[in-house]
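Mind the numbering: the sequence shown is residues -18 to 161 in the numbering used here, read in order. A short write-up of the structure that comes next.
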Amino acid sequence: MKKETKKRISKAYWIWFQFSKFDNQKLNKIKRIVNNHLKGPNFSIHLTTIGPFLKPNKEELEKIEKISRKINKFKILLIKYKLTNQKFTSFYIEVKKTKELIEAKNRFSKTNYKKQNKKYNPHISLYYGTKDNKTKEAIIKKLPKLNRLVTIDKLCIVDVNEKINKWKIIKTIKLKNEKN
């Protein structure tokens, strides 16, 4: 019997969390080191939250924005550098699935995204590509120690086209400060 493989949706919209200015600078420095060695495609540093949205209409985008504006900024816990043989999780920083992260992600559960039977693997990608793990392991030795906590303070809606390696942020929404 032939094993059926699920076709990856390569053209869609996704919701990403992004980081405070300070944490963004630190994470981008790490990503630059990785990409200087591996020469992967360029994309903004992020933590994928939910998707794909196949063709969100104006009302759906407004709903996402309304939900986003009710989320307080929060911290996530970085665990370690990780590697796989999958193009879009080839080299990343593993993120702990905290209650706060899952609650923020779940706020979008009633939006019109295409549900997939994948376990949520929160991570911050540093490289998209198919280099061998031995090469990637050598680069890990050159990377700085991770800050354990980083702040998520914004969310963006991203137009993704993996076939041409294009990730275009179409809307960025600042998360609330706790005191608002």
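Positions of the beta carbon are idealized from the N, C-alpha and C atoms, including for glycine.
Requested in this report: Out of Asn5, Trp(-5), Ser(-9), Ile154, point me to the one whose CA is closest to Thr92's CA.
Outcome: On the sequence shown, residue 92 is found 111 positions in, with the first residue counted as 1. Among Asn5, Trp(-5), Ser(-9), Ile154, the Cα nearest to that of Thr92 is on Trp(-5).
Query raised in the report: In the structure shown, what three-state DSSP assignment does Ile(-10) receive?
Result: Residue numbering aside, residue -10 sits at position 9 when the sequence shown is read from its first letter. Ile(-10) falls in the coil class under three-state DSSP.
Query - Straight-line Cα distance separating Asn128 from Ala119 - result: Here residue 119 refers to the residue found at position 138 when the sequence shown is read from its first residue. Here residue 128 refers to the residue found at position 147 when the sequence shown is read from its first residue. If you draw a straight line from the Cα of Ala119 to the Cα of Asn128, it is about 20 Å long.
Requested in this report: Take Asn146 as the anchor and find which of Ile14, Lys12, Gly21, Val15 has the nearest alpha-carbon.
Outcome: Translated into the one-based positions of the sequence shown, residue 146 becomes position 165. Of Ile14, Lys12, Gly21, Val15, the residue nearest in Cα terms is Gly21.
Query raised in the report: When you compare only the Cα positions, how much space is there between Gly110 and Phe24?
Result: Walking along the sequence shown from the start, residue 110 turns up at place 129. Walking along the sequence shown from the start, residue 24 turns up at place 43. Taking the straight line from one Cα to the other gives about 12 Å.
Query - Sub-9 Å separation of Ile133 and Ile57 beta-carbons - result: Here the question's residue 133 lines up with position 152 in the sequence shown. Here the question's residue 57 lines up with position 76 in the sequence shown. Closer than 9 Å, so yes.
Query raised in the report: Going by the CB atoms, is the gap between Leu28 and Phe(-2) shorter than 9 Å?
Result: Stepping through the sequence shown from its first residue, residue -2 is reached at position 17. Stepping through the sequence shown from its first residue, residue 28 is reached at position 47. Closer than 9 Å, so yes.
Report task. List in chain order: all unbroken beta strand (DSSP E) runs of 3+ residues lying wholly within the region -9 to 26. Result -> -8 to 0
Requested in this report: Starting from Ser49, follow the alpha helix (DSSP H) in both directions and report where the run begins and ends.
Outcome: For the purposes of this step, residue 49 is taken as residue 68 along the sequence shown, with counting starting at 1. 39 to 49 is the span of the alpha helix (DSSP H), which, as asked, contains Ser49.
Report task. Tell me, please, which residues DSSP counts as bridged to Phe55. Result -> In the sequence shown, residue 55 corresponds to position 74, counting from 1. DSSP output for Phe55 lists Ile133 as bridge partner(s).
**Report entry** Spatial neighbours of Val131 in its chain, beta-carbon cut-off 8 Å, leaving aside the 5 residues before and after
**Finding:** Here residue 131 refers to the residue found at position 150 of the sequence shown. Correct list, in chain order: Phe0, Ser1, Asp4, Lys7, Leu8, Lys56, Ile57, Leu59.
Query raised in the report: Per DSSP, what kind of secondary structure is Glu118 in: helix, strand or coil?
Result: In the sequence shown, counting from the first residue as 1, residue 118 sits at position 137. Glu118: helix per DSSP, three-state reduction.
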